[in-house]
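Participant: Dropping a structure here in structure tokens format, bear with me for questions.
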Amino acid sequence: MAPTGEQLSYSDAYSRSVVARVRGIEAGEPPLLILDRTVFYPGGGGQPADRGTLRRAADGRTWTVTSARKVGDEIGHQLETADGELPAEGDEVEVDIDWARRHLLMRTHTALHALCGVVWRDYSAQVTGGNMEPGNGRMDFEFERMGGELVDEIEEKVNAELTAERDVRVNLLPRDEAFAIPDLIRTKINLLPPGIETVRTIEIVGLDLQADGGTHVANTREVGGIRVTGYESKGRINKRIRIELTDA
Ligand SMILES: [Zn+2]
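Numbering (the working numbering), first residue to last: 2 to 249.
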């Protein structure tokens with residue numbers, strides 16, 4: 002079997018456009034287009050999939066890509082088509098993501114890491130889940146004593162970390178090496194399937210290190226600021242914090 006297509010969102014979150022060839026169409030409702038390379042992020046880890054367009058080189062016909070998702074190891078692209086026509090296998094296409102939306106997601110995603118990092122460093126509370134939309138998101142923590150006054154403090158601390166212009170790095174580590182890093186254990190790295198040989202990590206240098214598949218900005222200054230918009234108890238121990246970017 003041929004190797005999977007090149008998946009640029011994991012290696013370079015800033016690549017927003019690429020020329021590719023159609024490798025095949027995964028039949029289904031809707032059918033999903035597989036390319037030999039793509040800049041689309043297929044969704045996962047709380048980050049929604051990209052949207053964008055495909056433009057066929059031969060005749061300029063353009064399709065809206067409404068979503069993307071993993072199809073086995075490949076990334077499948079969901080296309081809007083009124084007449085049922087899709088690009089054919091072998092067609093050359095220009096692949097573009099909705100960059101304004103993606104960049105907002107990268108900023109939001111990085112802000113959530115900063116939140117996780119502060120809550121772990123200063124309150125020893127573990128994250129249990131999270132989700133985001135462009136410009137806002139939420140995280141759940143095992144954080145029994147979380148309350149209104151702490152939330153104000155957390156907001157202030159997260160903003161201080163963002164202004165500190167910390168670099169954000171992507172690393173691919175061999176499985177054994179990743180499992181030896183104590184900080185990674187808290188992000189449930191132990192739940193990774195046994196077959197995975199390399200672990201992708203995202204590090205906000207000096208603040209946060211997580212096993213993660215999403216897209217992030219390269220420095221916290223690019224995030225701007227955040228505001229805590231709400232918090233809830235999801236039980237005695239489990240608490241949820243909602244944030245938004247202040248200039249989203
Ligand atoms: Zn992330």
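Where is the CB? At the ideal position from N, CA and C, for every residue including glycine.
So, is Glu81 buried or exposed, given that buried needs 16 or more other C-beta atoms within 10 angstroms?
Facilitator: Counting Cβ neighbours within 10 Å, Glu81 comes out exposed, since fewer than 16 surround it.
Participant: Mind listing, in chain order, the continuous alpha helix (DSSP H) runs of no fewer than 4 residues lying wholly within the region 91 to 162?
Facilitator: The qualifying runs are 100 to 124.
Participant: Closer than 7 Å by C-beta to Pro31: which residues in its own chain qualify, once you throw out the five before and the five after it? Chain order, please.
Facilitator: Taken in chain order, the residues that qualify are Gln79.
Participant: Give the secondary structure of Ala179 by DSSP, where H, G and I count as helix, E and B as strand, and everything else as coil.
Facilitator: In this structure, Ala179 counts as helix in the three-state DSSP scheme.
Participant: Which full runs of the beta strand (DSSP E) of 3+ residues lie inside the region 198 to 243, going along the chain?
Facilitator: 199 to 205, 209 to 212, 227 to 234, all fully within the region 198 to 243.
Participant: Could you give the distance in angstroms between the alpha-carbon of Gly214 and the alpha-carbon of Ser10?
Facilitator: Cα-Cα distance, rounded: 9 Å.
Participant: Measure the alpha-carbon distance for Ser18 versus Arg57 and round it to whole angstroms.
Facilitator: Spanning the two alpha carbons is a distance of roughly 13 Å.
Participant: Which residue marks the beginning of the beta strand (DSSP E) containing Leu33, and which one marks its end?
Facilitator: Looking at the DSSP string, the run of the beta strand (DSSP E) that includes Leu33 is 33 to 36.
Participant: What separation, rounded to the nearest whole angstrom, lies between the Cα atoms of Asp248 and Thr221?
Facilitator: Each residue's alpha carbon lies about 14 Å from the other.
Participant: Taking the alpha-carbon positions, what's the Leu210 to Leu151 distance?
Facilitator: In a straight line, the C-alpha of Leu210 is about 23 Å away from that of Leu151.
Participant: Just curious, the beta strand (DSSP E) that Leu9 is in, first and last residue?
Facilitator: Leu9 -> not in any beta strand (DSSP E); alpha helix (DSSP H) instead, spanning 9 to 12.
Participant: If you draw a straight line from the alpha carbon of Gly226 to that of Leu246, how long is it in whole angstroms?
Facilitator: If I take the Cα positions, the gap works out to 6 Å.
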